[in-house]
RNA sequence: GGUCCCGUGGUGAAGUUGGAGUUCACGCCGGCCUGUCAAGCCGGAGGUCGCGGGUUCGAGUCCCGUCGGGACCGCCA
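This is the structure we're talking about:
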């Protein structure tokens, strides 16, 4: 199957069963070991592995030269068998070497040693970097994941529909990349942040089950888990509840995990409320403990002023970590807590006799200490961290500290998939308008049990929005959408969006809903993030063939570049001089 | 927009209190070598210490700026 006109086998293929066959291999020179005038070993490499070729040392071949070698597969002498190599039982003898191309010495070793090389050097010569086993493994894993997702979606009756890359600019959400129109100078297309509009209209159009492995683009600052362009499994379904969506998307994610050779188990469901209470974040990493513990009632009648009257007091136990955190580190942690909005951070080291070592130990009564010790299961050597504040702040600060202190690296299993459901409909209040701010997008269907609270108690309305989380990474999110114009009007009214504004901003999207929009909902998850975690990589650049740097540059092609004045003229664009 | 870290032959690192571009490993070039597989041995070449300015008798080292790379915050409905 892998043979071509130029080769009979690939470099990782040959085994004892091939002994005696004449074969032709093609590939790159991995290493050359010379032993005098008559003998040299050349390790020939392709993406499948290496094969040792025994050649006459008068043949001049160098690292990364491209060769075609024809020879006879032979057993190695018993003492020369290499157990660390899959092909180590055999070698190619009586070799005829054809140099297909020469090569300059590579700027970095084409091996795992390049893991230590500065990333910009790897990115400048990405075509060499990708020759390495690690990148080959990651890109091929990515292909398997894509393939498994496609298969899982198609088995469930989803239809792949391609949506446009040149779309209207919409004012909401992430910053967009815009593309000037030549035919209408002064007008612009946007590159899609997601196929959101189109996939919902495909439901109106009766596609029923849509999916696409879609490229999405957002002009926001880049991070270890964010690139300008990224791939999503994008899907939408008609006549469903959120459980139907979870089942369908879950099948695709679990199929992807299995394609990566894992046994993913089940996807657990927890509510947003529970996630915040137990883990302090809406994307919990459930691989480790140190969960948040409720302490408000313990300090109901406390003498300690920092805790007295606080609406929410919670704590975590950094088990056995008392020695790890000196005064300096604890001060840094306190600063971090303050940056996140806490008034302070109380830390307590549990001493050998069970008493607390802490600047505030004297304010904590014996009874409070006993209850704290019991609730947090504190043992000598533990470090206890307590925050007292508004419920949301208490949860968020401790959740972040929990991750800082105890979160294992991504490549350490197990893999814990979960759905976080019942997100709040609104998060916070817009300072300028006094209106509630939507938590997801304004087309999200409220929870049916809470619809009656929309006007009277909006901050306690749950939505039918949900996230898929893996080991503390948000893989994606989705929702059941609003398909009823009256309900949509109520939501817009709450957000302070009048009919005219709604028409102007969302008309092209909402008007089609008048023509028979079915109940529908959907989901999208990031394939780059999923593959990174499955590959054990901390950074999505490691699973992207040609990624951009944090400043949005492609170091290999030098994009972005200025363009010719003539090109700008044609588009009716004039570039301002750089700011002084 | 902000905070922090990094920048020394092709690659990775060390470089002390500011005292000659010094050192180590890999790679590269040449030589030796018939069983290596991180081959070995001998020899050699290769640097505007990212760039600019300042302090100083003297700067890889200290200060300011700038460029490039990274982590994070903001941002990502």
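In the numbering used here, the protein residues as written are 1001 to 1580.
Just so you know, even glycine gets a beta-carbon here, dropped at the ideal spot from N, CA and C.
Give me the Cα-Cα distance between residue i and residue j, rounded to the nearest whole angstrom.
i: residue 1445; j: residue 1405; result: 37 Å
i: residue 1167; j: residue 1442; result: 20 Å
i: residue 1258; j: residue 1506; result: 40 Å
i: residue 1334; j: residue 1319; result: 18 Å
i: residue 1205; j: residue 1170; result: 22 Å
i: residue 1527; j: residue 1139; result: 12 Å
i: residue 1293; j: residue 1455; result: 33 Å
i: residue 1424; j: residue 1452; result: 15 Å
i: residue 1313; j: residue 1495; result: 32 Å
i: residue 1352; j: residue 1300; result: 28 Å
i: residue 1295; j: residue 1562; result: 59 Å
i: residue 1125; j: residue 1096; result: 31 Å
i: residue 1537; j: residue 1410; result: 7 Å
i: residue 1302; j: residue 1321; result: 27 Å
i: residue 1010; j: residue 1220; result: 43 Å
i: residue 1475; j: residue 1391; result: 26 Å
i: residue 1060; j: residue 1118; result: 31 Å
i: residue 1070; j: residue 1525; result: 47 Å
i: residue 1498; j: residue 1564; result: 44 Å
i: residue 1151; j: residue 1213; result: 12 Å
i: residue 1549; j: residue 1134; result: 19 Å
i: residue 1077; j: residue 1049; result: 21 Å
i: residue 1198; j: residue 1156; result: 21 Å
i: residue 1511; j: residue 1242; result: 24 Å
i: residue 1330; j: residue 1393; result: 19 Å
i: residue 1123; j: residue 1546; result: 8 Å
i: residue 1308; j: residue 1466; result: 36 Å
i: residue 1269; j: residue 1450; result: 20 Å
Is residue i buried or exposed, if buried means 16 or more other CB atoms sit within 10 Å of its CB?
i: residue 1129; result: buried
i: residue 1196; result: buried
i: residue 1358; result: buried
i: residue 1459; result: exposed
i: residue 1035; result: exposed
i: residue 1176; result: buried
i: residue 1356; result: buried
i: residue 1211; result: buried
i: residue 1569; result: exposed
i: residue 1264; result: buried
i: residue 1147; result: exposed
i: residue 1141; result: buried
i: residue 1310; result: buried
i: residue 1087; result: buried
i: residue 1426; result: buried
i: residue 1367; result: exposed
Which residues in the same chain have their Cβ closer than 7 Å to the Cβ of residue i, if we skip the five residues on either side of it in sequence?
i: residue 1245; result: 1237, 1478, 1521, 1522, 1523
i: residue 1073; result: 1014, 1018, 1019, 1020, 1021, 1023, 1090, 1092
i: residue 1624; result: What is shown of the chain runs 1001 to 1580, which leaves residue 1624 out entirely.
i: residue 1354; result: 1373, 1380
i: residue 1186; result: 1572
i: residue 1271; result: 1421, 1422
Which same chain residues end up closer than 6 Å to residue i when comparing Cβ atoms and leaving out the 5 residues on each side of it in sequence?
i: residue 1395; result: 1276, 1280
i: residue 1026; result: 1006, 1007, 1068
i: residue 1470; result: 1417, 1533
i: residue 1375; result: 1293
i: residue 1502; result: 1492
Could you tell me how far apart the beta carbons of residue i and residue j are, in whole angstroms, since I believe they sit closer than 8 Å?
i: residue 1153; j: residue 1235; result: 7 Å
i: residue 1385; j: residue 1315; result: 6 Å
i: residue 1075; j: residue 1090; result: 6 Å
i: residue 1348; j: residue 1361; result: 7 Å
i: residue 1079; j: residue 1057; result: The pair is not a contact, with the Cβ atoms about 21 Å apart (cut-off 8 Å).
i: residue 1342; j: residue 1387; result: 5 Å
i: residue 1217; j: residue 1193; result: 7 Å
i: residue 1468; j: residue 1145; result: Contact doesn't hold; Cβ gap of about 15 Å is too wide.
Could you name the residues of the same chain whose beta carbon sits closer than 8 Å to that of residue i, not counting the 5 residues immediately before and after it, in chain order?
i: residue 1179; result: 1166, 1188, 1189, 1190, 1191
i: residue 1398; result: 1280, 1292, 1314, 1315, 1316, 1385, 1387
i: residue 1340; result: 1393, 1396, 1397, 1400
Does any heavy atom of the ligand ADP sit closer than 6 Å to the C-beta of residue i?
i: residue 1223; result: Looking for the ligand ADP in the displayed structure turns up nothing, as the structure carries no ligands at all.
> Considering only residues of the stretch 1511-1560, which uninterrupted alpha helix (DSSP H) runs meet the minimum length of 4 residues and lie entirely inside it, listed in chain order?
Replying inline: 1527-1535
> Hey, which unbroken runs of the alpha helix (DSSP H) at 4 residues or more fall wholly within the stretch 1136-1205?
Replying inline: 1196-1204
> Where in the stretch 1225-1313 do unbroken runs of the alpha helix (DSSP H), each at least 4 residues long, occur, reported from the N-terminal end onward?
Replying inline: 1242-1259, 1272-1279
> Along the chain, which unbroken stretches of the alpha helix (DSSP H) at least 4 residues long are found entirely within the stretch 1083-1125?
Replying inline: 1119-1124
>> Going residue by residue through the stretch 1362-1421, where are the continuous alpha helix (DSSP H) segments of at least 4 residues, counting only ones entirely within it?
In response: 1366-1375, 1391-1406
> Curious, which full-length alpha helix (DSSP H) runs of at least 4 residues does the stretch 1321-1352 contain?
Replying inline: 1327-1339
> Counting only runs that start and end within the stretch 1431-1461, where is the alpha helix (DSSP H) found for 4 or more residues in a row?
Replying inline: none
> If you scan the stretch 1470-1510 from start to end, which runs of the beta strand (DSSP E) of 3 or more residues do you find wholly inside it?
Replying inline: 1473-1480
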